[in-house]
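Asker:
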Amino acid sequence: MSLRTVSFQDTYWSGENDLIKEFYVPCMEESIEYCRAVGYFHSSIFCYITNGLYPFIQNGGRMRIVCSVNVSPEDERQIALGYDIRQLLEDKIAPATQELIDLNIANIKNLCWLIKNNRLDIRVCLRKDPNTPGAYRLFHEKFGIFKDADENAVSFLGSVNETLGGWINNEESFEVSQNWIPALQSRVEQKIQRFERLWDGTAGNIVTFDFPKASRLKLIQNAPEHPVDYIYRVSAGIHPNFKPRSCQEDAKNAFLQKNFSCLFMMATGSGKTKAAMYAISQIDTWKLLLICVPSLELVEQWEADVHLFYPNTPIIKCGSPYRGHKELLKSLTQARFPEQVVVISTYDSAQGDYYMAKWRLAKPEQFAMICDEVHNIGAPKSQTLMELNPAYRIGLSATPRRNFDEIGSEKIFDFYHQNTFEFSIRDAQREHYLVEYQYRILPCAMPEEDWESYKEFSKEIMQLQRTLEQEENEKEQLRLRQRIEGHYRDRAKLLKKNNQKVQTLQIIFNEIPPTARVLIYGDDLHHLDKLGQELDRIGKYYFKYTGELDAQKERPTILKEFRQGIRKILLAVGCLDEGIDIPACDVAVFISSSTSERQFIQRRGRVLRTASGKTSARIYDYLVYPILSARTNDNERHLALSMIDAQYQRINLMVEDAINGIQERQKLDQFLSQRRLNPYDF
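For the sequence shown, UniProt numbering begins at 1 and goes up steadily by one.
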């Protein structure tokens, strides 16, 4: 181990040299001490010295850094008013410290380990303003010294900051001196002495402060017990902590055989997420992996699965709650993604102009994209994502087709070159990835006033459709379609919010074990309130899982307590439809269920996931019917049969895979035939 084994140039230029690979990493690997004086220091540099930091630790290396922070005019005003400058430094450094911890990769943990073991110390320097007593300015010197065990030393002096921008993105240069070359020895010694004066606080107009204690403690708390050796890349396709299911192996093979583009149409709960990561991990040429998801909860779920396959790869989470992600993303895109990075983003963020400009900077052959709940990419506002051209693309959904949107659906299938891999719920049950289920259908009568409203909405829909067929003006056509869609929604709510459904909760809780964990789907927050009132009446303790912004921070605790059985009844609306993992659920009650195939398939998947001690599940569903008299005319009877037939589309799919599906369907047929409402009798 000797710095003399490194082949040094006199000067390094970022336009002509790879500063990290040609200078920074080789010096780290051969050194036992690194001293750095710099204006700006940023954690992103440690994402890209994978092959240098761990050997530096193994060498017994120690690191000292003096850096600075910007002091704004407002900061100066606060100091003049008596604000403690040490507290100001804490306020400045604390957010950057948290961003560093949030990266959660091996090199950052090693950085924390060095601090904990007193092998890395950071001090903050500010320059006194000679013209303004009590004012401070940014300290902006830029030099560094590497030392090895034989007292060989290499110094460098130039424009580069200790940031990713300084070492990769910007046009930078620096000159190098070695103390074993007689003509350069004094230069190295001068920089060593200068650094010691900065460190001790004896350098002229420079004031030196200790690194803020609170931020240092945070870093120490994040330190592992031992330094992490992730200097290797996991060989493509080899993952010691992951044993693929047969369906995941088949999905991976489909992806590879279909030119790296495939829709994984896999049953909810069969392992789509890991199947996608397993498939992508077979490719080692991508630099940017963009994962699009519909919600912030899924950003967090995906992060855990990404770590399983790429434990040392930086992960950037995009969305309003995630601090600092834009700065890091900007650095990486400016450098044209020098190393692999995974970005997990909500669709809302990913399709925005700012982010689209970043994705377009990735070369197609270095770009991979996974779209979870892929039907979202077909929405008009998200279709811009399909303008991207990643060489490697996977879409995930049990039901990728969009409701009432054939154009959007076809665009999705075209984006994946019509390549699909299918694994049905029946396949998943046969392989014991999902449990079997009992299916119970509860018929509920529609109140007369609701039936009158249903008929009125239907009449208006028919009139508007006739008007639309004759309308030529595009704006008016759009207005008419919106009115028709609104009437369809209002008409559907009459079925979803049928009050007799609420009254069946007592029947359901009489049938199920008291230890069962029950998931009840309502239509909206007002509907959940009504359900909650009924549960209060029958003495059941419950909690709500909603899409309200104020409630989002409570969701992880709610789901944890539900899994643990602390709370056994969960009232939910649509925010729980897409992808959220709740394997411990025993019973699902579809109080509010639409004719959307995707919705009820996703909701069914929530309750069929396997869990310890769970052998089967129960699903309660409803069919709403009107009470017709002998005087009901043919048009009304036809409308009633049409309403029931639409609900039968869902029921038919549900009975196909249920343990008792045939018997339950026969009971419903008999019930409706007695009322001359079975659509299959006509």
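We put the beta carbon where it would ideally sit given N, CA and C, even for glycine.
Could you check the C-alpha separation between residue 136 and residue 128 for me, to the nearest Å?
Answerer: By one-based count along the sequence shown, residue 136 stands at place 136. By one-based count along the sequence shown, residue 128 stands at place 128. Computed Cα separation, rounded: 5 Å.
Asker: Going by DSSP, what residue range makes up the beta strand (DSSP E) through residue 155?
Answerer: The count along the sequence shown starts at 1 and reaches residue 155 at position 155. Residues 153-158.
Asker: According to the Cβ coordinates, are residue 701 and residue 511 closer than 9 Å?
Answerer: No answer is possible for residue 701: it lies beyond the span of the chain, which begins at 1 and ends at 682.
Asker: Based on DSSP bridge pairs, tell me the residues matched to residue 268.
Answerer: Locating residue 268 in the sequence shown gives position 268, where the first residue counts as 1. None, per the DSSP bridge assignment.
Asker: Would you report the Cα separation of residue 412 and residue 13, rounded to the nearest angstrom?
Answerer: Working through the sequence shown from its first residue, we reach residue 412 at position 412. Working through the sequence shown from its first residue, we reach residue 13 at position 13. Distance between the alpha carbons of residue 412 and residue 13: 45 Å.
Asker: Within a Cβ cutoff of 7 Å, which residues of the same chain sit near residue 524, ignoring the five residues on either side of it in sequence?
Answerer: By 1-based counting over the sequence shown, the position of residue 524 is 524. Once the five neighbours on either side are set aside, the close Cβ partners of residue 524 are 573.
Asker: Return helix, strand or coil for residue 384, following the three-state DSSP convention.
Answerer: Mapped onto the sequence shown, residue 384 falls at position 384. Reduced to three states, the DSSP call for residue 384 is helix.
Asker: Under 9 Å, do residue 369 and residue 256 count as touching if we go by C-beta distance?
Answerer: Mapped onto the sequence shown, residue 369 falls at position 369. Mapped onto the sequence shown, residue 256 falls at position 256. Contact: no.
Asker: Among 338, 273, 150 and 329, which residue has its Cα nearest to the Cα of residue 308?
Answerer: Translated into the one-based positions of the sequence shown, residue 308 becomes position 308. Nearest option by C-alpha distance: 273.
Asker: Using a Cβ-Cβ cutoff of less than 6 Å, which residues in the same chain neighbour residue 310 once the five nearest sequence positions on both sides are dropped?
Answerer: Locating residue 310 in the sequence shown gives position 310, where the first residue counts as 1. So the list is empty, once near-sequence residues are dropped.
Asker: Run through the DSSP bridge pairs and tell me what residue 444 is partnered with.
Answerer: Numbered from 1 along the sequence shown, position 444 holds the residue referred to as residue 444. The partner list for residue 444 (beta bridge, DSSP) reads 624.
Asker: Give me, in chain order, the residues of the same chain whose beta-carbon lies closer than 6 Å to that of residue 218; leave out the 5 immediate sequence neighbours on both sides.
Answerer: Residue mapping note: residue 218 aligns to position 218 of the sequence shown, counting from 1. The residues are 97.
Asker: Give every residue of the same chain whose Cβ lies closer than 7 Å to the Cβ of residue 673, excluding the five residues on either side of it in the sequence, and list them in chain order.
Answerer: Position 673 of the sequence shown holds residue 673. Counting only Cβ-Cβ distances below 7 Å, and skipping sequence neighbours, we find 681.
Asker: Could you have a look at residue 605 and say whether DSSP puts it in helix, strand or coil?
Answerer: Walking along the sequence shown from the start, residue 605 turns up at place 605. Helix, per DSSP.
Asker: Leaving aside the five residues before and after residue 10 along the sequence, list all residues of the same chain whose C-beta is less than 8 Å from its C-beta, in chain order.
Answerer: Here residue 10 refers to the residue found at position 10 of the sequence shown. Same-chain partners within the cutoff: 175 and 176.
Asker: When DSSP builds the beta bridges, which residues end up paired with residue 410?
Answerer: For the purposes of this step, residue 410 is taken as residue 410 along the sequence shown, with counting starting at 1. DSSP output for residue 410 lists no bridge partner at all.
Asker: Please name the residue in 154, 354 and 35 whose C-alpha comes closest to that of residue 187.
Answerer: For the purposes of this step, residue 187 is taken as the residue at position 187 of the sequence shown. The candidate whose alpha carbon is nearest that of residue 187 is 154.
Asker: Helix, strand or coil: which one does DSSP assign to residue 398?
Answerer: Translated into the one-based positions of the sequence shown, residue 398 becomes position 398. Correct three-state label for residue 398: coil.
Asker: Going straight from the alpha carbon of residue 468 to that of residue 361, what length do you get?
Answerer: Locating residue 468 in the sequence shown gives position 468, where the first residue counts as 1. Locating residue 361 in the sequence shown gives position 361, where the first residue counts as 1. Distance between the alpha carbons of residue 468 and residue 361 is about 44 Å.
Asker: CA-CA distance, residue 513 and residue 445?
Answerer: The residue you call residue 513 lines up with position 513 of the sequence shown. The residue you call residue 445 lines up with position 445 of the sequence shown. Going from the Cα of residue 513 to the Cα of residue 445 covers about 27 Å.
Asker: Round the Cβ separation of residue 393 and residue 378 to the nearest angstrom and send it over; I've been treating them as touching at under 8 Å.
Answerer: Here residue 393 is taken as the residue at index 393 of the sequence shown, counted from 1. Here residue 378 is taken as the residue at index 378 of the sequence shown, counted from 1. Not confirmed; about 14 Å, so no contact.
Asker: Just tell me which of 278, 280, 258 and 251 has its CA closest to the CA of residue 266.
Answerer: On the sequence shown, position 266 is the one that residue 266 refers to. Comparing Cα positions, the closest option is 251.
Asker: Do residue 624 and residue 617 have their beta-carbon atoms positioned less than 9 Å apart in this structure?
Answerer: Residue 617 sits at position 617 when you count from the first residue of the sequence shown. Residue 624 sits at position 624 when you count from the first residue of the sequence shown. In this structure, residue 624 does not lie closer than 9 Å to residue 617 by Cβ.
Asker: Less than 8 Å between the CB atoms is what I'm expecting for residue 149 and residue 32, so what's the real figure, rounded?
Answerer: Along the sequence shown, read from residue 1 onward, the residue named residue 149 stands at position 149. Along the sequence shown, read from residue 1 onward, the residue named residue 32 stands at position 32. About 5 Å; that satisfies the 8 Å criterion.
Asker: Start and end of the alpha helix (DSSP H) containing residue 661?
Answerer: What you label residue 661 is simply residue 661 of the sequence shown in a count that begins at 1. Taken as a continuous stretch (DSSP letters only), the alpha helix (DSSP H) holding residue 661 covers 661-673.
Asker: Closest to residue 299 by CA distance: which of 345, 328 and 485 is it?
Answerer: To locate residue 299, count along the sequence shown from 1; it is residue 299. Of the listed residues, the one whose Cα sits closest to residue 299 is 345.
Asker: Please specify which runs of the beta strand (DSSP E), each continuous and at least 3 residues long, are wholly inside the segment 49-80, giving them in chain order.
Answerer: Whole beta strand (DSSP E) segments, 3+ residues: 62-67.
Asker: Assuming residue 188 is part of the alpha helix (DSSP H), what are its boundary residues?
Answerer: Taking the sequence shown and counting its residues from 1, the one referred to as residue 188 is at position 188. First-last of the alpha helix (DSSP H) with residue 188: 185-200.
Asker: CB-CB under 6 Å to residue 563, same chain, minus the five flanking residues each way: which ones, in chain order?
Answerer: Walking along the sequence shown from the start, residue 563 turns up at place 563. Correct list, in chain order: 584.
Asker: Please classify residue 13: does DSSP put it in a helix, a strand, or coil?
Answerer: If you number the sequence shown from 1, residue 13 lands on position 13. In this structure, residue 13 counts as strand in the three-state DSSP scheme.
Asker: Using DSSP with H/G/I as helix, E/B as strand and the rest coil, what is residue 378?
Answerer: In the sequence shown, counting from the first residue as 1, residue 378 sits at position 378. Three-state result, residue 378: helix.
Asker: Going by C-alpha distance, which of 173, 567, 597 and 420 is nearest residue 586?
Answerer: Position 586 of the sequence shown holds residue 586. Out of 173, 567, 597 and 420, 567 has the C-alpha closest to the C-alpha of residue 586.
Asker: I'd like to confirm the pairing. Which residues does DSSP put opposite residue 368 in its beta bridges?
Answerer: Here residue 368 corresponds to residue number 368 of the sequence shown, with the count starting at 1. Its beta-bridge partners are 289 and 392.
Asker: Buried or exposed for residue 519, please, with buried defined as at least 16 other CB atoms from any protein chain shown within 10 angstroms of its CB.
Answerer: In the sequence shown, the residue the question calls residue 519 occupies position 519. Buried: at least 16 other Cβ atoms inside 10 Å.
Asker: Under the three-state reduction of DSSP, which class applies to residue 360: helix, strand or coil?
Answerer: Position 360 of the sequence shown, counting from 1, holds the residue named residue 360. In the structure shown, residue 360 sits in coil (DSSP, three-state: anything other than H, G, I, E or B).
Asker: Sort out for me which residues DSSP pairs residue 483 with in a bridge.
Answerer: Position 483 of the sequence shown, counted from the first residue, corresponds to residue 483. For residue 483, which the question treats as bridged, DSSP gives no partner whatsoever.
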